[in-house]
Amino acid sequence: MSLRGAKRRSNLDADEIATPFELAMTVLIMDQMDKIISLCKRRGFIFPGSEIYGGMANSWDYGPLGVELKNNIKQAWWKQFVRQRSDIVGIDAALIMNPKVWLASGHLQNFSDPLVECKKCHERFRADTIGNQVPNGYLVPNPNSKNKKGKCPKCKGELTEARQFNMMFKTFVGPAEDAANMAYFRPETAQSMFVDFKNVLETTRKKIPFGIAQIGKAFRNEITPGNFIFRTREFEQMEIEYFIREKDWKKQFESWLAEMYKWMDFLGISKKHLHNLEVPKGELAHYSKRTVDIEYDFPFGKKELYGIAYRTDFDLSNHEKASGADLKYTDNETNEKFIPHVIEPTFGVDRSVLAVLCEAYTEEKIIPPSFAKGGGAVGDIKDDIRIVLKLPKAIAPIQVAILPLSKKPELSKPAFELYKELLADFACEYDETQSIGKRYRRQDEIGTPYCVTFDFESLEDKAVTVRDRDTMKQDRIKIGELKEYLKEKLVG
Ligand code: ATP
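Note that my numbering gives residue 1509 to position 414 of the sequence shown, counting from 1, and the numbers run on in steps of one.
So this is what it looks like as structure tokens:
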């Protein structure tokens, strides 16, 4: 997490007149993002929130496929960082904590961003992120900007001086809406892991180094949310607080950075689209001695995907002072008592989903089969674009689609039986509508690695055709061997 009052933000300047090249790039960027957003809506990954009431600015709902993709990512993360490690345990803490937590952590004082307002149209912006705003609302950064003055990206009006805006989401606990009952939705999952440190330590008897992990919602009253699910006011985080001895911090920092790269590799995110940004000393959040932002080449610019920080013993020390609880760790062998230091790798869930979608979205030009087989005249060739989400098989929302060639009961009945059988082992979908070609295309678009087609021949040879999403190669597999075949392909 970052307490952002004094923290480095990207070095973008206010509104710029774009060069023709920048405008051309902007069109491309919009195109790519629009295509992803449109696919998400069309196929049921992500919908605009509260749409039938005209929407709710920058809120998004995960639909049937989106929730599967998001859950698969969260479950894989939990498996990799909690279940498969003996040194990390998980918690799931309350979203609304005692407000004293946020005083001790410094959020009430420092969790703010610089806000500017246009004197003409009164639109508000986060001062450090306004670049070239394009008509559909994406903010396109212009890192080469020389204009330090800043104009309103919407109407070019004059902007006010920046003032700090606290991003904590307020609410009231109980019926009385007065200051005594004011509380906050957590702006990060991290603090509950410090607040629960003593309980976790006592109940698990873990030895340092060890970590506490959590996945959950966080809320920030962002001044300029946008770029689809990249920056929203309500989002999810997957965070680890890893408790160490001070002397080990450099080694642990490097080792966790490497673990984060392994995770991104698992998500199918190419290393060439990732960049480490070493946050300069003078721009570090006050608790941090070292922070690296891992940035990803999103279509709208190079932006933070994840972060890793060495938080020293700042949080535990502050909570010990503020609460009076003893938050020290005792080494049973040496009897040494000390406040552990912390390395914090932090992963945004929604930014993971977005990076995975950006990375997986592929358009392929394919040659119509009639021409490929030499059956068509040149005039028959039409540019045919196949949209494929090349999602890693382990996180694809649907792993296997079962498609009877025809709706006739003689095919649909046994195909549905096969679907029910496969459901026990794989995430499956049964689809008998439309032509087989259209059904393949739909499955390609939602990233289904394998389509199983049950045809009339299947009744005779007791075999089905299995089509591979990426190669479009088809294998004829005996129904009795299908489960093993798919297990080998999907589980490895
Ligand atoms: P940014 O600089 O983009 O505002 P940050 O440095 O404030 O991000 P952290 O406080 O480090 O972010 O939060 C940890 C992770 O949570 C980020 O790396 C990101 O993946 C995710 N995240 C933070 N803010 C948002 C948001 N408003 N919407 C979606 N994800 C977010």
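All residues carry an ideal CB built from backbone N, CA and C; glycine is no exception.
Candidates the options: which alpha carbon is nearest residue i's?
i       : options                               : result
Gly1396 : Arg1406, Ala1417, Lys1503 and His1368 : His1368
Glu1329 : Asn1322, Lys1357, Phe1280 and Glu1349 : Phe1280
Lys1584 : Phe1521, Trp1155 and Trp1197          : Phe1521
Pro1440 : Phe1348, Ser1447, Tyr1456 and Asp1426 : Phe1348
Lys1345 : Tyr1401, Thr1407 and Asp1392          : Thr1407
Phe1267 : Gly1201, Asn1276 and Asn1261          : Asn1276
Phe1338 : Asp1563, Leu1296, Arg1138 and Ile1131 : Leu1296
Leu1484 : Asp1539, Pro1504 and Lys1302          : Asp1539
Ile1141 : Glu1163, Tyr1148 and Asp1126          : Glu1163
Glu1428 : Asp1126, Gly1252, Lys1302 and Pro1504 : Lys1302
Gln1127 : Lys1251, Pro1394, Arg1326 and Lys1515 : Pro1394
Ala1450 : Met1359, Glu1331, Leu1500 and Phe1433 : Met1359
Asn1316 : Ala1152, Ile1461 and Leu1352          : Ala1152
Asp1565 : Glu1283, Cys1546 and Ile1572          : Cys1546
Phe1551 : Lys1502, Asn1371 and Ile1324          : Lys1502
Thr1255 : Leu1500, His1217, Phe1264 and Asp1273 : His1217
Arg1180 : Asp1187, Ala1171 and Gly1402          : Ala1171
Leu1513 : Gln1529, Ser1553 and Tyr1535          : Ser1553
Cys1250 : Phe1305, Thr1560, Phe1220 and Ser1287 : Phe1220
Ala1188 : Ile1307, Asp1182 and Tyr1401          : Ile1307
Ile1324 : Lys1214, Ser1447, Asn1413 and Gly1377 : Ser1447
Ser1133 : Ile1541, Phe1264 and Gln1332          : Ile1541
Kindly indicate which three-state DSSP category residue i falls into: helix, strand or coil?
i       : result
Asp1156 : strand
Tyr1356 : helix
Met1128 : helix
Gln1569 : strand
Ile1324 : coil
Tyr1580 : helix
Met1288 : helix
Leu1422 : coil
Ser1207 : strand
Leu1362 : coil
Phe1442 : strand
Asp1479 : strand
Lys1302 : coil
Asn1371 : strand
Gln1538 : helix
Val1586 : coil
Ile1183 : strand
Asp1556 : helix
His1436 : strand
Cys1213 : strand
Gln1332 : strand
Ala1455 : helix
For residue i and residue j, what's the separation of their Cα atoms in angstroms?
i       : j       : result
Gly1575 : Gly1443 : 42 Å
Met1096 : Ile1480 : With a pLDDT of only 41 at Met1096, under the threshold of 50, the placement of this residue in the model should not be trusted; the figure read from the coordinates follows. Approximately 41 Å between the Cα atoms of the pair.
Leu1498 : Leu1581 : 15 Å
Ala1590 : Leu1452 : This structure cannot speak to residue 1590, because the chain is shown only from 1096 to 1587.
Pro1544 : Met1567 : 10 Å
Phe1176 : Lys1195 : 30 Å
Pro1487 : Ile1168 : 10 Å
Ala1101 : His1381 : Because Ala1101 carries a pLDDT of 36, less than 50, the predicted location of this residue cannot be relied on, and no value is offered for it.
Ile1191 : Asp1570 : 53 Å
Cys1135 : Pro1143 : 10 Å
Leu1160 : Ala1455 : 15 Å
Lys1578 : Asp1556 : 17 Å
Gly1586 : Ser1154 : A quick correction: the sequence has Val, not Gly, at residue 1586. If I take the Cα positions, the gap works out to 35 Å.
Ile1131 : Ala1285 : 31 Å
Gly1470 : Ser1530 : Note that Gly1470 has pLDDT 40, beneath the 50 cutoff, so the model's placement of it is unreliable and the number below is only indicative. Each residue's Cα considered, the two are about 21 Å apart.
Glu1341 : Ile1572 : 57 Å
Glu1253 : Ile1318 : 18 Å
Asp1291 : Tyr1157 : 30 Å
Leu1352 : Glu1458 : 32 Å
Asp1273 : Ala1199 : 21 Å
Asp1410 : Lys1432 : 17 Å
Arg1536 : Gly1363 : 22 Å
Gln1332 : Pro1304 : 22 Å
Gly1402 : Asn1371 : 9 Å
Pro1375 : Pro1270 : 46 Å
Ser1383 : Tyr1405 : 6 Å
Taking 7 Å as the cut-off, is the C-beta of residue i nearer than that to any heavy atom in the ligand ZN?
i       : result
Tyr1401 : What this structure holds is the ligand ATP, not the ligand ZN.
Taking 8 Å as the CB-CB limit, is residue i close to chain B?
i       : result
Lys1367 : Structure shown: chain B not included; a single protein chain is present.
Does the pairing of the region 1370 to 1389 with the region 1304 to 1312 give three or more beta-carbon distances under 8 Å? As far as the Cβ criterion goes, the region 1370 to 1389 does not touch the region 1304 to 1312, which means the pair count is below three.
Touching or not, the region 1421 to 1429 and the region 1367 to 1383, by the rule of three or more beta carbon pairs under 8 Å? no
When the Cβ atoms of the region 1520 to 1534 are set against those of the region 1483 to 1501, are three or more pairs found closer than 8 Å? yes
Using 8 Å as the cut-off, can you tell me whether the region 1256 to 1266 makes contact with the region 1203 to 1216, which would need three or more C-beta pairs spanning the two stretches below that distance? By the Cβ rule, the region 1256 to 1266 counts as touching the region 1203 to 1216, because three or more pairs are nearer than 8 Å.
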